[in-house]
Amino acid sequence: MIKPRNRQLNSSVSVLHIAMKARMLTAARPYLQLLALLTLTPPPSFYERVTQRCERLLLMLGFGCYSFCFLLLAIKVTYVNIVILNFEILILEVEDFTSAQGKIQKLCYPILLAVIHGNMLIYFRKLGSIYVEIAALELDIEVASQSFVGLGKRFKFRQRLAKFIGLWLAFLIIAFPCVSVPSLTDYMDWYNKIFTEFILMVLQLKIVEYGLFVVLVQELLLRLRCSLIHLQQEFTTCEQRVLLQALCVALQRNKLLVARVWKLVGELEVYYTLPMLFVFVNNGVAMLHIVNWAFIQTLNPNDCAYCRFTRFGNVMVLLINLLIPCWLSQNCIDTYQSIKRIIHNIRCSFGKCNPVQLSNVLREYALQMEHLKLRFTCSNFFDINLRNFGGMVLTIVTYSVILIQFKLQDLVEAKRKLMQKA
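According to full-length UniProt numbering, the stretch in the sequence shown is residues 1 to 422, in order.
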């Protein structure tokens, strides 16, 4: 006889197993598996049915040990980089805040990775509920759209994933090593360079994972918007009372599905607040450190000319990697806002001759869209959109200018002291 707790556990595992077989999650599965291989997200297989519970626990224990090895590697890389940083500062005689800034930037490696792993552990079940909700929304949208002929043929989700996430991954894997490896010091052994580059790449790919879920949300909104456009066309040619009632019911269902997508974005916010907050801070600190180090190396006669271009390229890649999720989030917000415009167009198309039932549904829908504003945010610390990206770039440029001014002032004072001694 199965105990109630075991029955509930088996039921939840079964629901997750069905959810992971949904078409959208199946299309996203290769990307999730790659990210799981880099210990950025739990493997999709953890949310599927297994023959025995013991086997599932062993898999989770193995993944935990595997993730811990990644964390140890990040700690080793941090230690090596700090030792070499202190050595270079001693040689170049730049004993200002460069040492503190450099150490903070290097310590971001294990801290960010520990935050990612801790977040996975704390919100393991929440991620499973997010998968379930995505699959349930996909199924409910398909059921609600069955009456629209040819609607399913318009969605080529795999191609959209390849276009956005696939090209993004390819860009990072190719461009990031090209600009960051030459910038690594010659005092570092080749194998430490490989380990450092690997950890840096892993940390940047966490942003790709977030972008993947934003694309999933936008796909759901695109399908709902397409259903709404079909409803709008049906309303313009509707002359039968029975058909009008059916269309009002479909419109009400569309409204509820949009509200569920909005709630899903809130669940994603809870899951990604800490990782995305630390990723943005990490990239900002890294860019400031690169600018500071580039200025120091301009005074170094042994610095190669090519390295100066790669440092600029490194900053640009870090900026682009922050720009893409902001752009994807902005696209998703724009798609959400377009639903509001369609509702307004339906209300205007009838003028003052709106049937009472339709008028009530449209009013409820419009009020919902006014009340439920779609935002991609890190618990209100900052929003992830193009406007926030512009503000972040302005902040980094401002700090860089202040940094260079302090450096120039120190340089002038050092020359003045040398002249006084002479």
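Virtual Cβ for every residue (Gly too), placed ideally from N, Cα, C.
As the structure is a computational prediction, the values presented were derived from the model and not from experiment.
At the C-beta level, residue 313 and residue 170 stay beyond 9 Å of one another. Three or more Cβ pairs closer than 8 Å define a contact, and the region 97 to 106 falls short of that threshold against the region 213 to 230. By the neighbour-count criterion, in which a residue is buried when 16 or more other Cβ atoms sit within 10 angstroms of its Cβ, residue 325 is buried. Residue burial is scored here from C-beta neighbours: residue 365 has at least 16 other C-beta atoms within 10 angstroms and is therefore classed as buried. The region 247 to 261 and the region 358 to 373 touch, with three or more beta-carbon pairs separated by less than 8 Å. Listed in chain order, the non-local C-beta contacts of residue 161 below 8 Å within the same chain comprise 27, 28, 31, 212 and 215, local neighbours out to five positions each way being set aside.
The shortest CA-to-CA distance from residue 307 to any of 375, 181 and 277 is the one to 181. The alpha-carbon separation between residue 299 and residue 292 amounts to approximately 12 Å. By the Cβ neighbour-count rule, residue 109 is buried, with 16 or more other Cβ atoms within 10 Å of its own.
Put simply, the backbone Cα of residue 315 is about 16 Å away from that of residue 106. Annotation: residue 46 to residue 327 spans about 31 Å, alpha carbon to alpha carbon. With 16 or more other Cβ atoms inside 10 Å of its own Cβ, residue 128 counts as buried.
Bridge pairing for residue 377: 383 [DSSP].
As the crow flies, the alpha-carbon of residue 202 is around 11 Å from that of residue 195. Note that the C-beta distance between residue 137 and residue 70 is not below 9 Å. Secondary structure of residue 172 (DSSP, three-state): helix. Your pair residue 263 and residue 40 does not check out as a contact, with CB atoms roughly 25 Å apart and the cut at 8 Å. Put simply, the region 218 to 228 does not touch the region 267 to 285. Fewer than three CB pairs are less than 8 Å apart. Straight-line spacing of the CA atoms in residue 42 and residue 266 works out to 20 Å. Residue 382 sits close to residue 392, with the two beta carbons spaced by under 9 Å.
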